[in-house]
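Residue numbers (our numbering): 3 to 264.
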Amino acid sequence: MPRLGLGVYKMEDGKEVVEAVKSAIELGYRHIDTASFYGNEEGVGKAIKESDIPREDLFITTKVWNDEQGYENTLEAFDRSLNKLGLDYIDLYLIHWPVPGKFTDTWKALEKLYKDGKVKAIGVSNFLPHHLEELMKDAEITPMVNQIELHPELHQQQTREFCAANGIQVEAWSPLAKGKYFDAPVLKELAEKYEKTPAQIILRWDFQNDIVAIPKSTNKDRQQQNADIFDFELTEEEIKRIDELNLDEKGRTGPHPDEFDY
Numbered sequence: 003m004p005r006l007g008l009g010v011y012k013m014e015d016g017k018e019v020v021e022a023v024k025s026a027i028e029l030g031y032r033h034i035d036t037a038s039f040y041g042n043e044e045g046v047g048k049a050i051k052e053s054d055i056p057r058e059d060l061f062i063t064t065k066v067w068n069d070e071q072g073y074e075n076t077l078e079a080f081d082r083s084l085n086k087l088g089l090d091y092i093d094l095y096l097i098h099w100p101v102p103g104k105f106t107d108t109w110k111a112l113e114k115l116y117k118d119g120k121v122k123a124i125g126v127s128n129f130l131p132h133h134l135e136e137l138m139k140d141a142e143i144t145p146m147v148n149q150i151e152l153h154p155e156l157h158q159q160q161t162r163e164f165c166a167a168n169g170i171q172v173e174a175w176s177p178l179a180k181g182k183y184f185d186a187p188v189l190k191e192l193a194e195k196y197e198k199t200p201a202q203i204i205l206r207w208d209f210q211n212d213i214v215a216i217p218k219s220t221n222k223d224r225q226q227q228n229a230d231i232f233d234f235e236l237t238e239e240e241i242k243r244i245d246e247l248n249l250d251e252k253g254r255t256g257p258h259p260d261e262f263d264y
């Protein structure tokens with residue numbers, strides 16, 4: 003699983019998402035993250051088809067949406083996503099949100115898809131420790147990934163510690179928090195020191211914290227910048243200073259999983 007990928011949330015299906023994915027692949031991105039809910043799986047698939055990169059070199063993630071959950075519904079939703087993407091298999095399939103009363107049956111469907119070889123890895127998104135505990139009570143397979151909102155103002159430390167203890171890879175959606183605190187003094191100072199952007203400092207913080215990040219950008223120059231984080235290293239002291247930006251729950255830009263309108 004590549005440590006840096008391209009998120010395509012809110013990219014319009016058609017020209018916008020096709021061009022964004024194609025430019026990212028040209029720049030060396032090999033990890034593309036979409037979802038049924040995004041409504042752009044067909045465009046992602048078109049971009050993949052038009053690229054000259056072998057399928058096995060790409061890592062494609064998609065997700066089952068809330069109204070598609072439940073055992074049989076999930077199997078049908080997976081087939082729809084696979085057809086829209088025009089692929090023979092998915093690299094990572096996620097439960098998008100922990101829909102109460104449904105996500106355990108949804109997980110059983112993901113386990114079947116994994117055993118049948120239709121997906122290389124299965125996981126969840128927006129799951130807190132109590133959701134994971136409930137899921138794992140009857141699960142045959144522990145989730146391999148948990149994709150959550152995570153950035154310097156929202157550490158999700160309890161969830162990260164639970165995932166680490168159970169061998170679950172943490173992946174960050176909205177890793178740049180929509181740029182809402184790029185002007186934080188510590189980010190500006192470190193950006194100047196390393197001749198990088200505040201976004202690059204945050205993505206490097208992710209990398210050094212073993213967090214997979216999937217920043218969204220339709221701009222090729224921005225995509226290039228987001229990928230250019232492997233020629234410098236933050237010190238332990240600098241990472242601690244970035245850590246101090248944490249606001250816990252006040253740092254959320256999206257909904258809390260326990261307060262989502264299911």
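Where is the CB? At the ideal position from N, CA and C, for every residue including glycine. Treat the numbers as computed from the prediction; the structure is a model and nothing was measured.
CB contact flag (residue i, residue j, <8 Å)
i    : j    : result
P217 : L247 : no
V147 : L94  : yes
L115 : F80  : yes
W109 : I92  : no
E43  : L112 : no
M13  : A26  : no
Through-space distance from residue j to residue i, alpha-carbon basis
i    : j    : result
D1   : D15  : Since the displayed the chain opens at 3 and closes at 264, residue 1 lies outside it and no answer follows.
K190 : D263 : 37 Å
I124 : G9   : 18 Å
D107 : L156 : 30 Å
M3   : H33  : 7 Å
I170 : T199 : 30 Å
Q159 : D245 : 11 Å
K182 : Q202 : 14 Å
D90  : P102 : 31 Å
L29  : D223 : 10 Å
G72  : I204 : 37 Å
Simplified DSSP assignment, three categories, for residue i
i    : result
E118 : Correcting the residue type first, residue 118 is Asp in the shown sequence and not Glu. D118: coil per DSSP, three-state reduction.
V172 : strand
N68  : helix
F61  : strand
H33  : strand
A79  : helix
Residues bridged to residue i [DSSP beta-bridge criterion]
i    : result
I203 : Answer is none; I203 lacks a bridge partner.
H153 : L156
Any C-beta of chain B under 8 Å from that of residue i
i    : result
F105 : Absent from the structure: chain B. Only one protein chain is present.
Between the region 205-213 and the region 228-237, are three or more C-beta pairs nearer than 8 Å? yes
Hey, is the region 184-198 in contact with the region 133-147, meaning 3+ C-beta pairs nearer than 8 Å? no
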